[in-house]
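Going by the working numbering, the sequence shown opens with residue 94, and the numbers climb by one from there.
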Amino acid sequence: MPRQTDVSPQPSSSWWLYVIECSNGAYYAGITNDVARRYAAHAAGRGAKFTRAFPPVRLIGAREYPDRSAAARAEHEIRKLAPARKLVFIDCAG
Numbered sequence: 094m095p096r097q098t099d100v101s102p103q104p105s106s107s108w109w110l111y112v113i114e115c116s117n118g119a120y121y122a123g124i125t126n127d128v129a130r131r132y133a134a135h136a137a138g139r140g141a142k143f144t145r146a147f148p149p150v151r152l153i154g155a156r157e158y159p160d161r162s163a164a165a166r167a168e169h170e171i172r173k174l175a176p177a178r179k180l181v182f183i184d185c186a187g
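Structural data, given as C-alpha cells:
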C-alpha cells in the first residue's frame, strides 16, 4: 500500500504522486521520482504548461509508489476526482 507524507521526499527508486495547489485555486497532480526537484521546476516556470500559467502556491502532499507504472495509474485516477476528493486521496493514510 502507498505511503503518504507531508514533507518533500528525497530522491529514490520509488515514484511519487504529488499534488500542488496553484495560484488559481486548482490542484495539479503529477508524478516524479524527486518531489523537491519537480516542485522547484514548477515554481521556476519549467514545469508543466498548467503550472507555468498558474504558478504553484504550495505542495499539498505526496504519496509513494513502488514504481512509475503504479504512480501513473494513481495519477490517472486522482485527475478524475473533484478538488475536495483530491485532498482526501492525498491525505488518506497509506
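Backbone N, C-alpha and C fix where the C-beta goes; we use that ideal spot for every residue, glycine too.
Fair warning: this is a prediction, and the values are worked out from it, not measured in the lab.
For residue j and residue i, the rounded distance between their alpha carbons
i: Ile153; j: Ala141; result: 17 angstroms
i: Tyr120; j: Pro149; result: 9 angstroms
i: Ser162; j: Thr125; result: 11 angstroms
i: Cys115; j: Ala146; result: 9 angstroms
i: Thr144; j: Arg156; result: 20 angstroms
i: Gly118; j: Ile183; result: 16 angstroms
Cβ-based neighbour list, residue i, same chain, cut-off 8 angstroms, excluding 5 preceding and 5 following
i: Ile168; result: The identity of residue 168 in the sequence shown is Glu, whereas the question assumes Ile. Closer than 8 angstroms at Cβ, skipping near neighbours: Leu110, Ala122, Gly123 and Ile124.
Start-to-end residues for the beta strand (DSSP E) that takes in residue i
i: Leu110; result: Trp108 to Cys115
i: Ala122; result: Tyr120 to Thr125
Own chain, CB closer than 7 angstroms to residue i, minus 5 neighbours either side, in chain order
i: Asp160; result: Trp108
Residue interval of the alpha helix (DSSP H) (run including residue i)
i: Pro149; result: Unbroken run through Pro149 is the beta strand (DSSP E), Pro149 to Tyr158; no alpha helix (DSSP H).
i: Ala165; result: Arg161 to Arg172
i: Ala175; result: Looking at the DSSP string, Ala175 is not in any alpha helix (DSSP H), and its letter there is neither H nor E.
i: Ala146; result: Lys142 to Ala146
i: Arg139; result: That residue, Arg139, is in no alpha helix (DSSP H); it is neither H nor E in DSSP.
Beta-carbon contacts of residue i that lie in its chain and below 6 angstroms, excluding the five residues immediately before and after
i: Arg151; result: Glu114
i: Ala177; result: none
### Query
At a cut of 8 angstroms, does the segment 167 to 179 reach the segment 129 to 137 through at least three beta carbon pairs?
no
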